[in-house]
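Below is one structure, written out as structure tokens; comments come after it.
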Amino acid sequence: MLVLLSRARSQGMPMHVDRRADLRHALDPVAFAAERLGIVVDDWQARFLRSQAARRIVLTSRQSGKSTTAAIAAVHRAIFFAESLVLVVSPSLRQSSLLFEKIAAHVSRLGLHTDLSEENRSSLTFANGSRVVSLPGGSEETIRGYSGVALVLEDEAAWVPDATFHAVTPMLAVSRGSLVLLSTPCGARGHLFDVWSRGGREWERYKITADDVPRIPRDFLEQERKLKGDRIWLQEYFCEFGDAVDAFFSADAVHGAISPDVEPLFFGSPS
Ligand SMILES: Nc1ncnc2c1ncn2[C@@H]1O[C@H](COP(=O)(O)OP(=O)(O)OP(=O)(O)O)[C@@H](O)[C@H]1O
Ligand SMILES: [Mg+2]
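Residues 5 to 275 (the numbering used here) are what the sequence shown spells out, left to right.
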């Protein structure tokens, strides 16, 4: 259910909210970000935030604004849709804490009353019954404990363990929640690569290279190319999956070693 902040004063929402602006912000996360959070989003961020697709995968350059976008989407969902449970998953405890700080900063800017879960300082409960929980990767046991999830945002999905991803997807079947993966690629492996390359048409795909990010200067990119070499540079800034940086054999070498003319040594599983 859509809830306007101006309607929810009795639930600890701020008193000074203009009704028409409020409706505009509920319907348009881009206007919400600009007028309430002071963030004028980039073109790709606007397309992403306005999308209604239930499955979205965003492959981006470093520093493109992934975490910023995830934080805006989480806050918008929580405050305008009552009783929404939003899970934000990051690869490590440190990254999930940083993202949680971003979310908490947005909420504090809005002047909303929330309860901070004291036990781990990673969960915000809103007066309208919504919750935003920020979890580190490797928390599949914890994730399995949640139900009725409205939105899952996986930040830096290439580094989130596959087991965590596989714990998330079944619970969305019942809640009909949305799932978003945002990441810079890291090698042609794992669930990010699988979804991008063969996830099917139900996934809305975004590819945002450094050229699409107005804050990344061209001369900085050239310096990075010299420093890192083409393989890492293309992965970090131009969304190339390439090979895992620590891979012993390249994907090309592995594929090149497979010949359809050579029969496998074993058929089926050994008895
Ligand atoms: N639309 C925007 N307008 C102005 N600044 C922005 C915008 N989006 C992101 N930024 C800024 O760009 C920087 C990088 O943003 P953010 O941390 O969200 O990117 P990221 O893709 O998550 O980066 P990383 O690859 O390091 O995780 C931050 O300083 C952030 O405040
Ligand atoms: Mg980030």
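Built from N, CA and C at the ideal position, the CB exists for glycine as well.
- Between the stretch 154–162 and the stretch 73–90 there are three or more inter-stretch CB-CB distances shorter than 8 Å, so the stretches are counted as touching.
- Segment contact: the stretch 30–47 against the stretch 109–121, three or more CB-CB distances shorter than 8 Å; contact assigned.
- For D198, the enclosing alpha helix (DSSP H) begins and ends at 194–202.
- For ligand 2, residues qualifying as neighbours are K70, S71, D159, E160, where qualification means a beta carbon closer than 7 Å to at least one of its heavy atoms (chain order).
- By the beta-carbon neighbour count (other beta carbons within 10 angstroms, threshold 16), P174 is exposed.
- Secondary structure note for T73: it is in no beta strand (DSSP E), and the uninterrupted alpha helix (DSSP H) holding it is 70–84.
- Look at Q227: its beta carbon is at least 7 Å from all of the heavy atoms in ligand 1.
- D46 has its Cβ nearer than 7 Å to a heavy atom of ligand 1.
- Using a Cβ distance threshold of 8 Å, S55 and E208 count as a contacting pair.
- Relative to ligand 1, the nearest heavy atom lies less than 7 Å away from the CB of Q49.
- Sorting A131, V136, F197, F130 by C-alpha distance to the C-alpha of F104 places V136 at the top.
- In the DSSP assignment, V111 falls within the alpha helix (DSSP H) that extends over 97–114.
- Annotation for D166: no beta strand (DSSP E) segment contains it, though the alpha helix (DSSP H) segment containing it runs 166–179.
- The C-alpha of L225 is placed about 10 Å away from the C-alpha of K232.
- Burial is judged here by how many other beta carbons sit within 10 angstroms of a residue's own beta carbon; A109 has fewer than 16 and is exposed.
- Contact check between the stretch 134–152 and the stretch 175–189: three or more CB pairs, one atom from each, fall below 8 Å, which counts as touching.
- For E208, the secondary structure class from DSSP, reduced to helix, strand or coil, is strand.
- Excluding its 5 nearest sequence neighbours in each direction, H195 has C-beta neighbours in its own chain below 6 Å: D166, F169, listed in chain order.
- In this structure K70 does not touch L183 by the C-beta definition: roughly 15 Å separates them, more than the 8 Å allowed.
- Contact check for G203 and G246: beta-carbon distance about 19 Å, past the 8 Å limit, so the pair fails to qualify.
- Not one heavy atom of ligand 1 is found less than 7 Å from the C-beta of I61.
- Around the Cβ of R66, a 10 Å sphere holds fewer than 16 other Cβ atoms; the residue is exposed.
- For V34, the uninterrupted alpha helix (DSSP H) segment begins and ends at 33–40.
- Across the structure, C243 and P33 are spaced so that their CA atoms are roughly 26 Å apart.
- Between the alpha carbons of P140 and S101 lies a gap of roughly 8 Å.
- Burial is judged here by how many other beta carbons sit within 10 angstroms of a residue's own beta carbon; R23 has fewer than 16 and is exposed.
- In this structure, I43 has its beta carbon less than 7 Å from a heavy atom of ligand 1.
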